[in-house]
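Colleague: Dropping the structure in here first, questions after.
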Amino acid sequence: MLIDERVKIMVIYFREDDPKKNTSLKMIRYGIAYRIHPRKIRGYPVVLNPYAINYLGRWCREYIEKYGLVVLDASWKKLSPTRFKGIRGKHYKLPPLLPGNPVNYGKPCILSSIEAVAASLYITGFKNIYNKLIKLYKWMNTFHKLNQEILEEYSKAEKQEELEKTIKKYWENPPC
């Protein structure tokens with residue numbers, strides 16, 4: 226069962242990481258998300274794409290509500306812009322955040338799938354779902370502590386320009 230019927234979370238899964246540690250598969254097992262083939266995507270969901278030009282912000286909420294959120298689950302070592310070609314939807318990148326996961330702890334922007342989904346939902350105003358997601362892993366509490374203030378600031382930005390000013394306020398040289 227999905228956490229919130231208003232939000233569809235879709236996972237394009239590439240089988241490149243250890244399935245026992247994979248955060249997308251855990252979201253799928255818990256009924257929070259479901260696997261989808263890129264050709265089966267309908268409408269214009271928000272696609273989390275670290276190579277996108279524009280940042281995700283609260284202005285993306287209506288697309289997430291109407292069409293859903295797509296996360297591509299692949300190894301960061303094998304990720305490239307070509308992986309996102311042909312994926313239908315509105316492509317946005319997340320503003321810089323610090324991961325709390327044990328693999329990439331503290332390396333800016335190298336988030337796990339669950340961290341990326343949780344951050345997207347927080348920024349776009351789905352804070353109730355975010356609060357449920359951070360309970361799935363103990364280290365998600367670390368992610369929350371590392372990013373709580375900045376996530377709140379990002380979620381207040383009304384426009385892309387405002388979000389970019391917030392990023393510059395927190396990051397001298399934005400890492401992503």
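One rule links them: number in my numbering = place in the sequence shown (from 1) + 225. For glycine and all other residues, C-beta sits at the position ideal for the given N, C-alpha and C. Note that the structure is predicted; figures quoted are calculated from it, not measured.
(1) Does the stretch 262–275 come within contact of the stretch 313–322, defined as at least 3 CB pairs closer than 8 Å?
(2) Apart from the five residues just before and just after Met235, which ones in its own chain have a Cβ nearer than 8 Å to its Cβ?
(3) Alpha carbon to alpha carbon, how far is Asn398 from Glu389?
(4) Note down the Cα distance separating Lys384 from Gly282, rounded to an integer number of angstroms.
(5) Which first and last residues belong to the alpha helix (DSSP H) in which His262 is found?
(6) Taking the alpha carbon of Gly248 as the reference point, which residue from Leu322, Pro327, Pro306, Arg308 has its own alpha carbon closest?
(7) Which of helix, strand or coil does DSSP assign to Leu322?
(8) With H, G and I counted as helix, E and B as strand and the rest as coil, what does DSSP make of Tyr317?
(9) How would you call Ile359, buried or exposed, if buried means at least 16 neighbouring beta carbons within 10 angstroms?
Modeller: This is what the structure holds:
(1) yes
(2) Ala258, Tyr259, Arg260, Ile261, Ile266, Pro270, Gly293, Leu294, Val295, Val296
(3) 12 Å
(4) 7 Å
(5) Where His262 is concerned, there is no enclosing alpha helix (DSSP H), given that its DSSP letter is neither H nor E.
(6) According to the sequence shown, residue 248 is Thr rather than Gly. For Thr248, the nearest C-alpha among the options comes from Pro327.
(7) coil
(8) strand
(9) buried
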